[in-house]
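Chemist: After the structure tokens below, expect a handful of questions from me.
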Amino acid sequence: MVKTFKIDLISDTSSKPTAGMRQAIANADVGDEQRGEDPSVIALCERSADLLGKEAALFLPSGTMCNQIALAVHCRPGDEIIASDTAHILTLEGAGAAVFAGSFINGIACDNGIFNRDQLMAALRKPSIKSPKARVVAIEQTTNRGGGAIWPLENIRDIAEIAHANEMVVHMDGARLLNAVVASGISAQDFCKPCDTTWLDLSKGLGCPVGGVLAGSKDFIDEALVWKFRLGGAMRQAGIVAAAGLYALDHHVERLAEDHDNAKLLADTLNGLEGFELTQPRVETNLIFFSVEKTGKTARDISEHLLEYGIRIGVEDQYGMRAVTHLDVSCDDIAFVCKTLKSLFG
Ligand SMILES: *Cc1c(COP(=O)(O)O)cnc(C)c1O
Numbered sequence: 004m005v006k007t008f009k010i011d012l013i014s015d016t017s018s019k020p021t022a023g024m025r026q027a028i029a030n031a032d033v034g035d036e037q038r039g040e041d042p043s044v045i046a047l048c049e050r051s052a053d054l055l056g057k058e059a060a061l062f063l064p065s066g067t068m069c070n071q072i073a074l075a076v077h078c079r080p081g082d083e084i085i086a087s088d089t090a091h092i093l094t095l096e097g098a099g100a101a102v103f104a105g106s107f108i109n110g111i112a113c114d115n116g117i118f119n120r121d122q123l124m125a126a127l128r129k130p131s132i133k134s135p136k137a138r139v140v141a142i143e144q145t146t147n148r149g150g151g152a153i154w155p156l157e158n159i160r161d162i163a164e165i166a167h168a169n170e171m172v173v174h175m176d177g178a179r180l181l182n183a184v185v186a187s188g189i190s191a192q193d194f195c196k197p198c199d200t201t202w203l204d205l206s207k208g209l210g211c212p213v214g215g216v217l218a219g220s221k222d223f224i225d226e227a228l229v230w231k232f233r234l235g236g237a238m239r240q241a242g243i244v245a246a247a248g249l250y251a252l253d254h255h256v257e258r259l260a261e262d263h264d265n266a267k268l269l270a271d272t273l274n275g276l277e278g279f280e281l282t283q284p285r286v287e288t289n290l291i292f293f294s295v296e297k298t299g300k301t302a303r304d305i306s307e308h309l310l311e312y313g314i315r316i317g318v319e320d321q322y323g324m325r326a327v328t329h330l331d332v333s334c335d336d337i338a339f340v341c342k343t344l345k346s347l348f349g
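Take the sequence shown: its letters are residues 4 to 349, numbered as in our numbering.
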């Protein structure tokens, strides 16, 4: 039997479609997506391209496929991809860059998953017939394992300037781009402008059941479409899920601010507990990473203890934990989590 949790902070992917979203799904206009005949998919792609300030967009089953297809289009076998050493493409995608793009990822050690122009310059190799050719600089907005940190716009522009001067492209993993937009007040278009390609995840903070939208130039999307078919990502009446995406763009973007407020409240409580320590002290969006090492207990002990109260928080490693706020975690839920934490560990 699948266990249920009253309050599930393991990931923003655990949010379930709301009643309004289910209604939008039920009413979706659909057609054969593979033939380019699904009106809801077409509408979602047009809307996403606009939102991200790109010529074209492509609906895909997952964020991972958005990353993998982008890298496969950008790279040739033997190429190098530069990213943070905590990047999702490096740590959590089954070495897909090696499999599909025939390329390897050079991970830069940096704080919060964000590197600066000097760190990027240091990662560039002297051009030589014997050296790998760096083709892509990949960044994550927000940084997942970097603690939900927001790449400052100036920093993205700096990185892009160097990348473009060195015949590289910039790919932005936008799994939580809209969290960055809502938290910073900077538009998605502004964040995406220095980047050649980017994508949005519909199944994270936006609360859809599945899906991601990849965006870039018309030529890039034409090539990405070939990969979509090749990998089996071309679907049929996919409007059923695209309709959820359209609904989310109307109803679930502004509310991300509540998730950020809830994350800050929870972080403040964690900060005050004996032996708990925030590993990424600046909580800018909806991800909170913390260590319980100084409690003398392991992350697993703490997590199991909290499960007795219906609260699930993710175990990262022996002492590290991650809590994520989202659509299905209310203000009252966070108050209950904070109260429970204080009574158990305060
Ligand atoms: C979740 C996530 C992905 C992958 O998205 P899926 O839709 O789960 O495949 C990629 N990058 C980052 C930063 C993520 O958090």
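We treat Cβ as the ideally placed atom computed from N, Cα and C, and that holds for glycine.
Bear in mind the structure is a predicted one, so any value in this text is a computation, not a measurement.
For the beta strand (DSSP E) containing residue 200, list its first residue and its last residue.
Modeler: Here the question's residue 200 lines up with position 197 in the sequence shown. First-last of the beta strand (DSSP E) with residue 200: 200-204.
Chemist: In chain order, which alpha helix (DSSP H) runs of at least 4 residues are fully inside the stretch 43-76?
Modeler: If we require 4 residues or more, the stretch 43-76 turns out to have no alpha helix (DSSP H) run fully inside it.
Chemist: Helix or strand or just coil, what does DSSP make of residue 167?
Modeler: Here residue 167 refers to the residue found at position 164 of the sequence shown. DSSP places residue 167 in helix when its eight states are reduced to three.
Chemist: Under DSSP, the beta strand (DSSP E) around residue 176 begins and ends at which residues?
Modeler: In the sequence shown, counting from the first residue as 1, residue 176 sits at position 173. Note, residue 176: beta strand (DSSP E), 172-176.
Chemist: Leaving aside the five residues before and after residue 89 along the sequence, list all residues of the same chain whose C-beta is less than 6 angstroms from its C-beta, in chain order.
Modeler: Translated into the one-based positions of the sequence shown, residue 89 becomes position 86. Excluding sequence neighbours, residue 89 sits near 116, 148 and 149.
Chemist: Answer yes or no: the CB of residue 176 versus the heavy atoms of ligand 1, is any distance below 8 angstroms?
Modeler: Looking up residue 176 in the sequence shown gives position 173. For ligand 1, at least one heavy atom lies less than 8 angstroms from the Cβ of residue 176.
Chemist: How many angstroms separate the CA atom of residue 80 from the CA atom of residue 185?
Modeler: By 1-based counting over the sequence shown, the position of residue 80 is 77. By 1-based counting over the sequence shown, the position of residue 185 is 182. Approximately 38 angstroms between the Cα atoms of the pair.
Chemist: Taking the alpha-carbon positions, what's the residue 158 to residue 165 distance?
Modeler: If you number the sequence shown from 1, residue 158 lands on position 155. If you number the sequence shown from 1, residue 165 lands on position 162. Going from the Cα of residue 158 to the Cα of residue 165 covers about 11 angstroms.
Chemist: For residue 290, write down the residues that DSSP places opposite it in a beta bridge.
Modeler: As a working note, residue 290 is residue 287 in the sequence shown. DSSP, once it has assigned bridges, lists 327 as partnering residue 290.
Chemist: Return the chain-ordered ranges of every alpha helix (DSSP H) run that is complete within the stretch 85-157 and spans a minimum of 4 residues.
Modeler: Listed in chain order, the complete alpha helix (DSSP H) runs (minimum 4 residues) inside the stretch 85-157 are 91-94, 99-103 and 120-126.
Chemist: Taking residue 60 as the reference, give the member of 203, 240 and 303 with the closest Cα.
Modeler: Numbered from 1 along the sequence shown, position 57 holds the residue referred to as residue 60. The residue with the shortest Cα to Cα distance from residue 60 is 203.
Chemist: Compute every distance between the C-beta of residue 238 and the non-hydrogen atoms of ligand 1, then say whether any falls below 8 angstroms.
Modeler: Numbered from its first residue, the sequence shown carries residue 238 at position 235. For ligand 1, not one heavy atom lies less than 8 angstroms from the Cβ of residue 238.
Chemist: Nearest to residue 288 by alpha carbon, out of 181, 190 and 230?
Modeler: Taking the sequence shown and counting its residues from 1, the one referred to as residue 288 is at position 285. Checking every option, the nearest Cα to that of residue 288 belongs to 181.
Chemist: Taking the C-alpha atoms as reference points, what is the distance between residue 23 and residue 126?
Modeler: If you number the sequence shown from 1, residue 23 lands on position 20. If you number the sequence shown from 1, residue 126 lands on position 123. Rounded to whole angstroms, residue 23 to residue 126 spans 47 angstroms at the Cα level.
Chemist: As an exercise, report each continuous beta strand (DSSP E) stretch of at least 3 residues that is fully enclosed by the stretch 202-271, in chain order.
Modeler: Whole beta strand (DSSP E) segments, 3+ residues: 215-219.
Chemist: Label residue 197 either buried or exposed according to how many other C-beta atoms from any shown protein chain fall within 10 Å of its C-beta, with 16 as the threshold for buried.
Modeler: Within the sequence shown, the letter at position 194 stands for residue 197. Under this definition residue 197 is a buried residue.
Chemist: Would you list the one or two residues that DSSP bridges to residue 281?
Modeler: As a first step, residue 281 is located in the sequence shown; it is residue number 278 there, counting from the start. Paired residue(s): 293.
Chemist: Going by other Cβ atoms of all chains shown within 10 Å of its Cβ, with 16 needed for buried, is residue 137 buried or exposed?
Modeler: Translated into the one-based positions of the sequence shown, residue 137 becomes position 134. Buried, since its Cβ has 16 or more Cβ neighbours within 10 Å.
Chemist: Taking contact to mean at least 3 C-beta pairs separated by less than 8 angstroms, is the stretch 242-259 in contact with the stretch 90-109?
Modeler: In short, these stretches do not touch, since the Cβ pair count stays below three.
Chemist: With a 10 Å radius around its C-beta and 16 neighbouring C-beta atoms as the bar for buried, classify residue 15 as buried or exposed.
Modeler: The residue you call residue 15 lines up with position 12 of the sequence shown. Residue 15 should be labelled buried.
Chemist: Which of the three DSSP states is assigned to residue 299 in this structure?
Modeler: Counted from its first residue, the sequence shown places residue 299 at position 296. DSSP places residue 299 in coil when its eight states are reduced to three.
Chemist: Nearest to residue 238 by CA position, among 214, 221 and 226, is which residue?
Modeler: Along the sequence shown, read from residue 1 onward, the residue named residue 238 stands at position 235. Answer by Cα proximity: 214.
Chemist: Give me the Cβ distance between residue 269 and residue 343, rounded to the nearest whole Å; I'm assuming they're in contact under 8 angstroms.
Modeler: By one-based count along the sequence shown, residue 269 stands at place 266. By one-based count along the sequence shown, residue 343 stands at place 340. Contact doesn't hold; Cβ gap of about 11 angstroms is too wide.
Chemist: Ordered along the chain, which non-local residues of its own chain (more than five positions away) have a Cβ less than 8 angstroms from that of residue 151?
Modeler: On the sequence shown, position 148 is the one that residue 151 refers to. If we look at residue 151 and ignore the five residues flanking it on each side, its Cβ neighbours are 145, 179, 182, 266, 283, 286, 287, 288, 289, 290 and 291.
Chemist: Per DSSP, what are the beta-bridge partners of residue 318 in this structure?
Modeler: One-based indexing of the sequence shown puts residue 318 at position 315. 324, per the DSSP bridge assignment.
Chemist: If you follow the alpha helix (DSSP H) that residue 23 is in, where does it begin and where does it stop?
Modeler: For this step, residue 23 is matched to residue 20 along the sequence shown. Per DSSP, residue 23 belongs to the alpha helix (DSSP H) from 22-29.
Chemist: Measuring CA to CA, which of 324, 245 and 63 is closest to residue 34?
Modeler: Residue mapping note: residue 34 aligns to position 31 of the sequence shown, counting from 1. Checking every option, the nearest Cα to that of residue 34 belongs to 245.
Chemist: Quick check: residue 72 and residue 231, are their CB atoms within less than 9 angstroms of each other?
Modeler: What you label residue 72 is simply residue 69 of the sequence shown in a count that begins at 1. What you label residue 231 is simply residue 228 of the sequence shown in a count that begins at 1. Closer than 9 angstroms, so yes.
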